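Just so you know, we're using my numbering here: the sequence shown kicks off at 8 and counts up by one.
Where is the CB? At the ideal position from N, CA and C, for every residue including glycine.
Keep in mind it's a predicted model, so treat the numbers as computed, not measured.
Working notes, beginning with the structure itself.
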Amino acid sequence: MRSDTTPTPLTEDFLQEPPTLELSVVIVSYNVAELLRQCLRSVYVALKDMSAEVIVVDNASEDGTVDRLRAEFPQVHWIALPVNIGFGRANNVGIARARGCYILLLNPDTLVHPETLTTLRTYMEEHPEVGIAGCRVLNADGSFQSACRRGFPTPWAAFTRLFGLERLFPRSPLFARYSQGFRPEVEVGYTEVISGSFMFCRREVLRQLRGFDPEYFLYGEDVDLCYRAHQAGWRIGYVGTATILHFKGESARRSSVDAVHHFYDAMRIFVRRYYGHSLLAPLLYAGIWVRRLLARAARFPQLWLLGAADLLGIVAALLLATRLRFGSFFGFPAYAYPTVFLVLGMVLLGLMLLFGDYLERRVQIARALMVYGLCFFVVASLTFFFKDYAFSRWVVLGTVMGGALWGVMVRGGVQIWSWLRHGISPRRVALAGTGKKVEAVAAALLDGHEGSPRAIVLGLIRTGHEKTAPSTIPVLGTWEELPELVARWEIQELVVVDGDVPLGELVGTMERLAPWRVRLYLVGGAEELSAQRYAHEILGQEPAWVMYPVLHPRLRLLKRLFDLSLALCALAFGTPLVFLSAQRRTWWQRWWSVVQGRWSVVGIYVVEGESSVIGKPGLTGLAHLSGGARLPVAVIRQLNEYYVRHFSIALDVEIVLRYCVRKLRREVRAGL
């Protein structure tokens with residue numbers, strides 16, 4: 008068993024040593040220990056008689072991946088990185104240790120078909136012009152993952168994708184150049200880009216290209232590698248007769264990384280690097296910005312739907328209350344319009360945002376009623392300070408009551424629509440596996456759905472050879488009968504437990520189950536809490552792991568408002584004071600970075616050479632106040648981790664005050 012924690016930098020002798028093995032499999036893992044276990048088992052089945060090695064680079068996982076799996080897989084070369092350095096750089100660490108003639112870059116959330124690796128090896132031997140090859144990738148429900156075979160994001164392809172033409176014409180060779188929807192799934196031939204989840208590469212290609220570009224943190228590195236390989240004269244192959252199963256996005260979903268930011272930032276980097284001088288570049292940048300905005304907005308549909316409904320309701324209630332009180336819909340003096348509408352709407356929407364009503368996935372009528380009550384007191388209080396607008400507090404009361412009634416009706420409608428959309432009847436779940444682990448997982452699932460009408464365990468699908476099954480679980484049938492069982496029992500979720508599940512057949516089975524859109528989950532046992540996590544996911548609840556407070560939507564909004572307020576005040580009142588200073592340019596750039604959202608007033612201290620995964624760089628912070636660059640790197644990381652785990656606006660205010668006090672003391676001492 009080999010294990011180390013030292014990243015290998017890319018030096019001039021990168022991959023210069025001659026290969027001693029046929030294949031090296033490099034896997035970068037982050038917080039997916041259970042999926043990695045299944046992946047490694049499928050890989051060793053697929054390797055068969057090949058002379059090969061498996062290298063796992065753990066990107067500072069928080070679930071103890073290396074400690075949990077190294078005893079089970081002693082033949083794996085484990086590399087445990089102390090910090091998350093990004094997907095591309097972590098792959099380069101593994102590539103630098105590879106000894107194979109071919110190097111497979113594989114995601115940990117995949118299952119490899121037993122024939123896939125030999126099929127790819129044969130293909131590469133028969134096609135020496137191909138430098139990188141990929142295979143057909145299936146989603147967890149057996150459907151085809153179109154990202155496994157794409158075209159280059161040329162200005163035209165990017166334009167058609169960013170502005171929706173590709174979605175309108177998915178089979179058109181003209182408009183679907185990127186997704187290649189006009190090509191058959193099962194084919195063998197050339198393509199332009201393959202999925203980063205499975206990249207079968209020649210050693211000399213990675214040596215020539217020096218691996219992945221480290222500027223890409225989480226997305227885009229596969230596109231960039233294929234593009235550079237194409238520029239170097241290599242062809243990119245697609246082998247549709249070979250298959251893997253990909254649980255797409257599991258690492259990103261289980262991390263606190265801002266995936267939306269890194270995805271669109273990768274698009275921006277690619278456009279800047281290869282098409283920065285194109286006439287379409289400004290349009291592409293605009294499209295990326297719009298798509299980023301829409302992607303963030305799509306994460307909070309309630310922000311737009313409930314916000315628009317509340318605004319419409321409160322305005323209608325104001326008009327109706329004015330009509331009842333003064334006999335006219337516009338009974339206030341002319342100077343009151345549109346001020347009364349703007350103030351009322353801003354107060355209501357602002358309070359809803361501050362209390363998180365629009366940012367939480369679950370609608371809460373009680374919280375909305377509380378916010379409407381606060382809205383009444385705020386608006387009524389404003390009339391004491393602005394006497395010209397103190398027309399009638401009865402109108403204010405009637406407006407808020409009418410708006411609250413409308414808000415309750417809207418939120419009740421949202422709940423009913425959610426029930427209809429997801430189905431009021433229980434979601435139908437089946438377990439696959441044998442032994443005590445299955446019984447423990449079933450117990451966890453049953454405990455998880457108690458009191459909830461949205462999930463029920465139908466029974467067990469046996470995969471072993473035991474004569475008996477756990478007494479608490481009815482037996483539906485065997486693994487070989489799975490397609491018939493899915494149709495007969497209308498199974499919606501399939502939870503596969505460790506044990507005797509034939510992983511070699513899992514990919515093909517899910518492919519046969521594609522027409523039923525069965526969702527697959529892999530768990531390792533209730534004792535490792537994986538079952539409880541998946542129980543939460545199946546029940547439609549939030550995952551069991553805790554999100555960093557600094558990434559919570561409501562707190563991020565408050566922090567952004569806090570940053571903007573301080574930055575605008577600093578620029579407005581501080582610019583004249585530093586105008587003659589030699590450091591005015593640096594001072595102005597830092598505060599302008601806060602306005603742009605790239606920096607924060609209070610944030611983390613960025614260690615040189617490391618990527619900022621969680622949180623923004625700060626003008627000040629815990630590490631800054633504690634000595635900054637004079638501190639050991641390990642201490643800086645601990646202070647950064649403490650800040651993102653314990654973030655609050657009160658903590659930011661305290662840090663800013665301490666910074667100001669220290670700054671003032673230094674100025675006084677300098678003056679003395």
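First and last residue of the uninterrupted beta strand (DSSP E) at residue i
| i | result |
| --- | --- |
| Met206 | Phe205 to Arg209 |
| Tyr396 | Note, Tyr396: premise wrong, no beta strand (DSSP E); not H, not E. |
| Arg6 | Because the chain spans 8 through 679 in this model, residue 6 falls outside it and cannot be assessed. |
| Tyr365 | Segment: none, Tyr365 is in no beta strand (DSSP E) and carries neither H nor E. |
Residue from the options with nearest C-alpha to residue i
| i | options | result |
| --- | --- | --- |
| Lys566 | Val609, Trp599, Leu584 and Thr582 | Val609 |
| Trp496 | Leu664, Val436 and His253 | Val436 |
| Leu113 | Gln45, Pro639 and Glu133 | Gln45 |
| Gly196 | Ala387, Tyr245, Leu319 and Gly218 | Tyr245 |
| Val493 | Arg644, Leu313, Val525 and Pro481 | Val525 |
| Ile423 | Val370, Val585 and Ser388 | Val370 |
| Gly240 | Arg168, Gly149, Val663 and Gln215 | Gln215 |
| His653 | His134, Gly622, His120 and Asp65 | Gly622 |
| Glu192 | Gly149, Ala641 and Gln238 | Gly149 |
| Leu300 | Leu313, Leu575 and Phe270 | Phe270 |
| Val212 | Phe21, Val502, Phe392 and Val64 | Phe21 |
| Leu361 | Leu30, Ala375, Leu312 and Gly107 | Ala375 |
| Gly314 | Leu327, Arg298 and Met353 | Met353 |
| Ser153 | Glu133, Pro135, Arg174 and His134 | Arg174 |
| Thr129 | Trp606, Pro180, Ala249 and Arg217 | Ala249 |
Unbroken alpha helix (DSSP H) run spanning residue i, endpoints
| i | result |
| --- | --- |
| Tyr379 | Ile372 to Phe392 |
| Ile321 | Pro308 to Phe333 |
| Ile102 | Phe94 to Arg104 |
| Asp65 | Segment Ala59 to Asp65 is the beta strand (DSSP E) holding Asp65; no alpha helix (DSSP H) there. |
| Ser31 | Note, Ser31: premise wrong, no alpha helix (DSSP H); beta strand (DSSP E) at Leu28 to Ser36. |
| Thr161 | Element bounds for Thr161: n/a, residue is neither H nor E. |
| Asp220 | From DSSP, Asp220 is part of no alpha helix (DSSP H); its letter is neither H nor E. |
| Ala293 | Ala288 to Ala305 |
| Ala78 | Neither: Ala78 is in no alpha helix (DSSP H) and is coded neither H nor E. |
| Ser600 | Arg591 to Gln603 |
For residue i, the residue or residues it bridges with in DSSP
| i | result |
| --- | --- |
| Pro624 | Ile611 |
| Tyr51 | Looking at the DSSP assignment, Tyr51 forms no beta bridge with any residue, so it has no partner. |
| Tyr528 | Val502 |
| Phe151 | Leu145 |
| Val230 | The partner list for Val230 (beta bridge, DSSP) is empty, contrary to what the question assumes. |
| Leu252 | Leu118 and Leu145 |
| Arg469 | Thr485 |
| Ala437 | Gly466 and Leu501 |
| Thr198 | Ile243 |
| Leu111 | Val32 and Phe207 |
| Ala140 | Phe207 and Gly244 |
Burial state of residue i, where buried means 16 or more other Cβ atoms lie within 10 Å
| i | result |
| --- | --- |
| Met131 | buried |
| Gly203 | buried |
| Lys55 | exposed |
| Ser537 | Annotation note: pLDDT 45 at Ser537 (below 50); position unreliable, no value reported. |
| Pro550 | Note that Pro550 scores a pLDDT of 37, beneath 50, so its modelled location is shaky; the value from the coordinates is reported in the next line. Pro550 is exposed by the Cβ-count criterion. |
| Met554 | Summary for Met554: the model assigns pLDDT 49, below 50, so the residue's position carries little reliability, and this model does not support an answer. |
| Trp85 | buried |
| Lys444 | buried |
| His253 | buried |
| Ile110 | buried |
| Thr470 | buried |
| Met517 | buried |
| Gly635 | exposed |
| Leu683 | In the structure as shown, the chain starts at 8 and stops at 679, and residue 683 therefore has no counterpart that could be examined. |
| Phe1 | The structure shown does not extend to residue 1, since the chain spans only 8 to 679, so no value can be given for it. |
| Trp598 | buried |
Chain C contact for residue i (CB, 8 Å cutoff)
| i | result |
| --- | --- |
| Asn38 | Any reference to chain C falls outside this structure, which holds one protein chain only. |
Contact test: residue i Cβ vs the ligand SAH heavy atom, cutoff 7 Å
| i | result |
| --- | --- |
| Gly218 | Ligands are entirely absent from the displayed structure, and the ligand SAH is therefore not among its contents. |
The segment 219 to 236 / the segment 275 to 283 touching (three or more Cβ pairs under 8 Å): yes
Taking contact to mean 3 or more Cβ pairs, one atom from each stretch, closer than 8 Å, check whether the segment 205 to 219 and the segment 176 to 187 are in contact. no
Specify whether the segment 41 to 60 and the segment 89 to 96 touch according to this definition: at least 3 beta carbon pairs, one from each stretch, less than 8 Å apart. no
Looking at C-beta atoms only, is the number of pairs between the segment 233 to 242 and the segment 126 to 139 that lie closer than 8 Å three or more? yes
Decide if the segment 286 to 295 is in contact with the segment 154 to 169; the criterion is three or more beta carbon pairs, one per stretch, under 8 Å apart. yes
Using 8 Å as the Cβ pair cut-off and three pairs as the minimum, do the segment 92 to 110 and the segment 69 to 77 touch? no
Whether or not the segment 597 to 616 and the segment 628 to 641 are in contact is what I'm after, with contact meaning three or more pairs of Cβ atoms, one per stretch, closer than 8 Å; do they touch? yes
Would you be able to state if there are at least three C-beta pairs under 8 Å between the segment 309 to 329 and the segment 290 to 300? no
Is the segment 394 to 410 touching the segment 331 to 349, taking contact as three or more C-beta pairs under 8 Å? yes
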